[in-house]
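Under the numbering used here, the very last position in the sequence shown is 915; numbers go up by exactly one each time. Each residue gets a CB set at the ideal place from its N, CA and C atoms; glycine is no exception. Quantities reported herein were computed from a predicted structural model and do not represent experimental measurements. What follows is one structure encoded as structure tokens, with my remarks underneath.
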Amino acid sequence: MTSTVSQRIAEELAVKESQIAAAIGLLDEGATVPFISRYRKEVTGGLDDTQMRYLDERLRYLRELDERRGAIIKSIAEQDKLTPELEQALLAADTKNRLEDLYLPYKPSRRTKAQIAREAGLEPLADALLANPGLDPEQEALAFLNPDQGVADTKAALDGARQILMERFAENADLLAQLREFLQQHALLASRLVAGKEHDGSKFRDYFEHTEALSGVPSHRALAMFRGRNEGFLQLNLVLDAEEKPTDAHPCEAMIGTWWQIRDQGRPADRWLAETVRWTWRVKLLTHLQTDLLTQLRERAEQEAIEVFANNLKDLLLAAPAGARPTIGMDPGLRTGVKLAVVDANGKLLDHGAIFPHQPQNRTREAAAELLRMIRSHNVELIAIGNGTASRETDKFVGELLQQQPELNCRKVMVNESGASIYSASEFAAREFPDLDVTIRGAVSIARRLQDPLAELVKIEPKSIGVGQYQHDVSQVQLARQLDAVVEDCVNAVGVDVNTASIPLLARVSGLNQSLAANIIAHRDQAGSFASRRELLKVARFGDKTFEQAAGFLRISNGDNPLDASAVHPESYTVVEAIASRQQRPLASIIGDSGFLRGLRPGDYVTQSVGLPTVTDIIRELDKPGRDPRPEFRVASYQEGVEKISDLRSDMVLEGTVTNVTNFGAFVDIGVHQDGLVHISVLADRFVKDPRDVVKAGDVVRVKVMEVDQPRKRIALSMRLNDKAEAAPREQRQGTRPGGGKPRPEGKPGKGSHRNSDSGKAPATALAAAFASARKDR
């Protein structure tokens, strides 16, 4: 079966089967995706991390399919009903739906009406009427009366025969496939209000009378409608015409009739057979196929939502780090004050406290003095201000203080604190800071997040980081698996300093887990910093296989071997030594010597065990050893005097930070405690198919205010700065969420206290159709 699986995936990825087979072999041996894509390019023919992730996911699906296929074949064989033709059809089934359709007639189940009719001897009657519609049903039924079997009259006999044919019609796999494909292409999804729910379900009012093509329903609208149905406000059905009446004949009935060669030619049994077809569709197939297709729609919508989350998470994790500089983290608040935490360049807590510069206390002078003391005492270079409650007030307070003290080498930055409360209350934070209040722990997290977003965000469960849409409506198992893969890829793409990394960060390194990460920290605490990668083998349970998987992603700065600070794997050090020896130069001198390295011919250093792709990667890495793939650090500058939604005016041009990218646009934080939406139609002066082609989470962008709806807290923005607010189509200028909810993707905390931002209690419609045009888009 592995050969079949590898062929299938190879076709889907348009690569050679040998590449897929080799990659599957490495995965089965316990190798990780980051390790394979980085250090086994010769084996896989250069499959990259994206291809490897696809392979890994498809391999899981196809193996589950094969496992189910084996169970079905065994079940049918035990019933002595497995024919060569059926077995071939089962082996050729390429989806779980097709497999289950073929199994349907043989699936053990409770006794059906059709089974009871067969036991009463009515199958010959059903066969006769189907084969020869010229027979009179009433006359033929007389021969099958059997009161002892519950067949007291001709009506009972014909009802039983009909049940047999209905089951036969409804369990034909090829017919089911044809009907399913027809509905997928032509059916409309009709969403209707449940009677009497107008008031309670008002947040779903865009879907009270909504109909659109099933094949084109976008992910966010599908999930909104499914949520409305789950909460009891909406009914979802498939129709072929928006005006279809329940009494109308359905085209699928004609397809069933054609398949079984049933047509009205005025013969005695034609009407009875036509009614059997009608009952088959209405009673047996309509609900079954509707459930199947809606399930498929939901699965597609969930997968799209998960991919949106995964893409945003990747962008956030790979956001530019401010670097190793002494930093103050500020968790703003009004009544409870602003919590402060000072960390050194490596994130170690040095000092903490609280100040009360805002109302009701208004102890501004005292707060300024305390903040200045911390800045001067610890030579602070950065101040990270969480974007929760009182963030702009705190930003203004700090800005005025820094203006009054121009000699200070210090800069303030607004930081997205989404998920900070999750970290603050976590077991890891409690172990690290057992004596600190959770709010101070939050301030520490905010400071560290500015220094290195990746190193801090890995401490938080990925789905608690607010960059998704409908994350609570999708498969939590699939969501966790895909987000974990994103975190793993990001951590290994950047690399980890083994002498400073935390347990959560180390645990994401290829080949490591929580237990091994804890062992590394314990060894580091007991024996001191690691001087070489080889010393990792002294760590408890850190064997040769683990070393192979992890070593290339673990960095040791200023160690015994300069290559230990690079992404060159220890297994390839001999290649670098060969280069240095052949060129008669000290090994350390060739690292970073771009002119020298670019003059090398990689082919000259290929060996039997090290191929050209690896040698090329090694030379590239030596040019910029330990290079960080993340962009240069940059932050948005919020406009002075624009601190709340009432300060906004149409046509105002502002700078902001992209907080979330969805399928229909991007949300931007412009510093007014309420994200605005740039609809996909105004992201650029050209057609945009995918918003991520233009922006990603963390980008700093310039936007124009198109319309502000204060009562409903809606802000419509445009990145087409030449647009005029009054000229914009109304559907582009409307607010962001139907039903009066806030324009915020689910999981994205509001600019209220972050204590409540991670609860998952987002408004039920979440991102369903931010604009009227989003309800009609593509």
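Check	Outcome
C-alpha gap between D860 and H489, whole angstroms	47 Å
Supposed close pair P590, L453 - CB separation, criterion 8 Å	7 Å
Pairwise C-alpha distance: L854 and M843	5 Å
Reduced DSSP category for F804 - H, G, I as helix; E, B as strand; rest coil	strand
Identity of the residue in A160, E222 and I559 nearest R578 by Cα	I559
Whole-Å CB distance - D468 paired with I583, under 8 Å assumed	6 Å
Beta-carbon gap between F363 and D610 smaller than 8 Å	yes
Neighbour-count burial assignment, E436, 16 or more Cβ in a 10 Å radius	exposed
Residue-chain proximity (L373, chain C), Cβ-Cβ < 8 Å	No chain C is present in this structure, which holds just one protein chain.
With 16 other Cβ atoms within 10 Å as the buried cut-off, status of V614	exposed
Continuous alpha helix (DSSP H) stretch holding N449: start and end	L423 to L454
Expected contact under 8 Å - CB spacing of D784 and V809 to nearest Å	7 Å
Cβ-Cβ distance between A659 and N650 below 8 Å	no
Cβ-based burial, V420 [other Cβ within 10 Å; buried from 16]	exposed
Coil, strand or helix - T799 by DSSP	strand
Buried or exposed by the 16-neighbour rule on C-beta atoms within 10 Å, applied to F306	buried
Residues bridged to H347 [DSSP beta-bridge criterion]	S328
For V376: DSSP bridge partner residues	L325
Under 8 Å between C-beta atoms of A251 and Q216	no
Per DSSP, the bridge partner or partners of K841	V790 and S855
8 Å Cβ cutoff met for A630 and P766	yes
Assumed close pair L266, E277 - CB separation to whole angstroms, cut-off 8 Å	7 Å
Among A214, L450 and H357, nearest to A617 - alpha-carbon criterion	L450
Close Cβ partners of S652 (< 8 Å) along its chain, the five nearest in sequence each way excluded	R678
Cα-Cα separation, L814 to T794	12 Å
Buried or exposed (CB count within 10 angstroms, at least 16 for buried), H336	exposed
Nearest residue (CA-CA) to T249, options A298, N516, L691 and F565	A298
H489, enclosing beta strand (DSSP E) - first and last residue	L486 to I492
First through last residue of the beta strand (DSSP E) which encompasses V550	R548 to V552
Pair within 8 Å by beta-carbon distance, E390 and R415	yes
Three-way DSSP call (helix, strand, coil) for V142 in this model	helix
Range of the contiguous beta strand (DSSP E) that encloses K211	Unbroken run through K211 is the alpha helix (DSSP H), D186 to E215; no beta strand (DSSP E).
Of the listed residues V752, Q433, K476 and S669, nearest to G740 (C-alpha basis)	V752
When S352, L737, V575 and S774 are compared against V790, the one with the closest alpha-carbon	S774
Residue range of the unbroken beta strand (DSSP E) whose run includes I522	L519 to G523
The stretch 714–724 / the stretch 687–696 touching (three or more Cβ pairs under 8 Å)	no
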